[in-house]
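The structure appears below as structure tokens.
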Amino acid sequence: MAVVAVDPNAPEFARRYVNLADARLGAVALAASDDFFADKSRMLNPEPAVFVPGKYDEHGKWMDGWESRRKRGPGHDWCIVQLARPGRVHGVDLDTSHFTGNYPPAASIEACYLIGSDPDAQTEWTTLLPAVNLSGNSHHYFAVSDETPCTHLRVNLYPDGGLARLRVYAAPQFGGDAEDDGLVDLASALNGAQVVAANNEHFGPASRLLLPGRGQNMGDGWETRRRREPGNDWCIIALALPGVIEAIEVDTAHFKGNYPDRCSLAGAHVAAGTPQSLITQAMFWPLLLPGQKLQMDHQHFFRDEIRAHEPITHVRFDIHPDGGVSRLRLRGRPA
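Below, the structure written as structure tokens:
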């Protein structure tokens, strides 16, 4: 599969936060008013939507997304989605890629918070995104200011049509259960870790480092452009909780001719700051993991190499000089 470059028009929230509407992470399309032409579950596929010329099924043209039939009466179509984790939504992408004469003219999103049950007729929904206009074959990014956490969304299409992808960029609530050794992955996006800044994300955003599981292909990781000048590439990560790191994994899965030669980690306890101030401060953070040689397409585990340290809140992950890394695990004990 070809490497997919980062959307140059994607806003900051799409690079910083995890997509909790990703089926691979556990998001589920529970119900829909109608998905006659294209199953609602396709809308949660993390891969970019595709168009297959000449592909038809028993209902008509096969489309990669959720598509309802043409509505001939009052009302509108809707779909209820259970997010992969409860979280505070910072922004959404309503993607109508490849839907041209069949996209919805408008859409809105409602939210609720339910643990242990699914929405029903008595569920009270609150507006997360008021009705907005949509166009065909386009990404539609909308920032969300509501700070209330949610577990489920109801996506409304006015009146009908097709939505290729729903992406919900959010900060998950911490849900990290300790493993058998008592350690928690403090760099897991599903536990609430997030990338604060990165110097380069040409072929893949640094936020993919924090996803669960191993990378699916070379496009499923953080990859920088080829460096043609002195220095090295880096990213800064805010941990899910302050803690002491005891085990580190650096996974270069699928990166063979383009993996970094070496990597290192620095860390510190930061009380406050902006992304720009953290970039400056990070130049002086003490080393947590001195430079380590890397191999292609390999899981690297470090324990004895980690230097003793007090609880930290942030790390700077350096790759030397450039290249691609699939996943980063920072397993430790929350302070």
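In the numbering used here, the protein residues as written are 290 to 624. Where is the CB? At the ideal position from N, CA and C, for every residue including glycine.
Within a Cβ cutoff of 8 angstroms, which residues of the same chain sit near residue i, ignoring the five residues on either side of it in sequence?
i    : result
E436 : R377
R592 : E535, A536 and I537
A321 : K329, W355, S357, D366, W367, C368 and I369
L576 : S553, L554, A555 and R596
Take the Cβ of residue i as the centre, count every other Cβ of all protein chains shown within 10 Å, and call the residue buried at 16 or more, exposed below.
i    : result
M572 : exposed
V484 : buried
G493 : buried
F590 : exposed
A681 : Outside the displayed range of the chain (290 to 624) lies residue 681, so it cannot be described from this structure.
R454 : buried
G508 : buried
One question on the structure: do residue i and residue j come within less than 9 angstroms of each other, judged by their Cβ atoms?
i    : j    : result
W367 : S330 : no
R605 : C524 : yes
I369 : L446 : no
S496 : R304 : yes
E599 : L578 : no
L472 : D384 : no
L333 : A312 : yes
I568 : A486 : yes
T416 : C401 : no
E518 : F544 : no
In angstroms, rounded to a whole number, what distance separates the CA positions of residue i and residue j?
i    : j    : result
G425 : S434 : 25 angstroms
M585 : G556 : 25 angstroms
A395 : G520 : 47 angstroms
H387 : S427 : 8 angstroms
I601 : N480 : 16 angstroms
P654 : I398 : In the structure as shown, the chain begins at 290 and stops at 624. Residue 654 is therefore absent and cannot be evaluated.
V341 : W414 : 37 angstroms
G390 : H558 : 53 angstroms
G510 : W574 : 25 angstroms
Y345 : M352 : 9 angstroms
N422 : V444 : 14 angstroms
G315 : E336 : 15 angstroms
L530 : G349 : 49 angstroms
D409 : D469 : 37 angstroms
D407 : R596 : 46 angstroms
N547 : H491 : 13 angstroms
A460 : R622 : 21 angstroms
F463 : P393 : 35 angstroms
Y430 : V533 : 37 angstroms
E347 : R503 : 36 angstroms
T563 : Q570 : 10 angstroms
F302 : H603 : 19 angstroms
M290 : G343 : Any reading at M290 must be qualified, since the residue scores a pLDDT of 30, below 50, and its modelled position is unreliable; the value itself is stated next. In a straight line, the C-alpha of M290 is about 21 angstroms away from that of G343.
F326 : G364 : 18 angstroms
V293 : N506 : Here the model assigns V293 a pLDDT of 42, short of 50, so the residue's position is not dependable and the matter cannot be decided.
D474 : V539 : 13 angstroms
P438 : R361 : 36 angstroms
A624 : A561 : 17 angstroms
Give me, in chain order, the residues of the same chain whose beta-carbon lies closer than 7 angstroms to that of residue i; leave out the 5 immediate sequence neighbours on both sides.
i    : result
H587 : T541
A476 : A482, L499, I526, L528, L617, R618 and L619
P549 : L583, I608, H609, D611, G612 and V614
R359 : D449
D323 : S357, R358 and D366
V457 : N308, L309, A310, L372, V378, V381 and L442
N488 : D522 and W523
V339 : D353
R515 : D611
Y306 : H379, Y458, A459, A460 and Q483
Give me, in chain order, the residues of the same chain whose beta-carbon lies closer than 6 angstroms to that of residue i; leave out the 5 immediate sequence neighbours on both sides.
i    : result
A432 : G380
G580 : R551 and S553
N317 : For clarity, residue 317 is Val in the given sequence; the question names Asn instead. If we look at V317 and ignore the five residues flanking it on each side, its Cβ neighbours are Q371.
If you measure from the CB of residue i, is any heavy atom of the ligand PLP nearer than 8 angstroms?
i    : result
A624 : The ligand content of the structure shown is nil, which means the ligand PLP is not present either.
I'd like to know if residue i contacts chain C, where contact means its C-beta is closer than 9 angstroms to some C-beta of that chain.
i    : result
G502 : Among the chains of the structure shown, chain C does not appear; only one protein chain is present.
Exercise for review: Scan the segment 552-595 and note each continuous beta strand (DSSP E) run of 3 residues or more that stays entirely inside, going in chain order.
Suggested key: 576-582 and 588-591
Practice item. Quick one: which unbroken beta strand (DSSP E) runs of 3-plus residues sit fully inside the segment 295-340? Chain order, please. Key: You should have 317-321.
Review point. In chain order, which beta strand (DSSP E) runs of at least 3 residues are fully inside the segment 395-426?
Key: Entirely contained in the segment 395-426, the beta strand (DSSP E) runs reaching 3 residues are, in chain order, 395-401 and 415-422.
Review point. Taking the runs of the beta strand (DSSP E) that are 3 residues or longer, which of them lie wholly in the segment 471-529?
Key: 483-487
**Study point:** Ordered list of beta strand (DSSP E) runs contained in the segment 355-386, each at least 3 residues
**Key:** 366-384
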